[in-house]
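Each step along the sequence shown adds one to the number in UniProt numbering, with nothing skipped, and position 82 is 82.
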Amino acid sequence: MTAGSFYLLLAIIGIIDWRKRRIANLILLPLFAAGLLKTYSENSLSFSMTAICIACGLALTLPGYIKGIVGGGDIKLMVALSPAWQIQELLFVFVSGVLVLAPILFLVKPTDSKDRDLPLGTAIALGAFVLLVLQFALPESHWMAELGLYG
1 MTAGSFYLLL
11 AIIGIIDWRK
21 RRIANLILLP
31 LFAAGLLKTY
41 SENSLSFSMT
51 AICIACGLAL
61 TLPGYIKGIV
71 GGGDIKLMVA
81 LSPAWQIQEL
91 LFVFVSGVLV
101 LAPILFLVKP
111 TDSKDRDLPL
121 GTAIALGAFV
131 LLVLQFALPE
141 SHWMAELGLY
151 G
């Protein structure tokens, strides 16, 4: 799976989650497989670091699930994407996506109680595109260090 397909799937997930507040397992499996292939073909993460990233994805989403703010599909999406990025990038995708989506939700002001839940799949897709833009904007350096996010 190419990077283009990866981001196309994320865009589709973001749109579906925005409209229906559901993320189908069928679309998550290719993302998980692509993340694992990317990680191990680039030797970017060890098995233990991949496990830590998955645990981080769970730690970010489980509290929202327990409180009824996000759904099970959002948790599975974070787990599926966890192998694709290093932990700093995973955290950046999560935080930047929520920060981009929050003002949109404020402006839209959903009336249906179902639509008041946080479409975390949409937020994650938005955060992934913010990450992609930054990686292209700062291609020769490690963009997070350039932004002062870590050493």
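Backbone N, C-alpha and C define an ideal beta-carbon position, used for all residues, glycine too.
Range of the contiguous alpha helix (DSSP H) that encloses residue i
i	result
Val-79	72 to 81
Ala-24	From DSSP, Ala-24 is part of no alpha helix (DSSP H); its letter is neither H nor E.
Gly-68	Note, Gly-68: premise wrong, no alpha helix (DSSP H); not H, not E.
Leu-101	87 to 108
Buried versus exposed, by CB contacts within 10 Å (16 or more), residue i
i	result
Ile-16	buried
Leu-90	buried
Leu-131	buried
Ile-104	exposed
Val-70	buried
Leu-26	exposed
Reduced DSSP category for residue i - H, G, I as helix; E, B as strand; rest coil
i	result
Leu-138	coil
Ser-46	coil
Asp-17	helix
Pro-119	coil
### Stretch pair the segment 63 to 70 + the segment 34 to 44: three plus CB contacts closer than 8 Å
No: fewer than three Cβ pairs fall under 8 Å.
### Task
Assess, as a yes-or-no matter, whether the segment 6 to 16 is touched by the segment 24 to 33 under the definition of 3 or more beta carbon pairs within less than 8 Å.
The segment 24 to 33 makes contact with the segment 6 to 16, as at least three CB pairs between them are under 8 Å.
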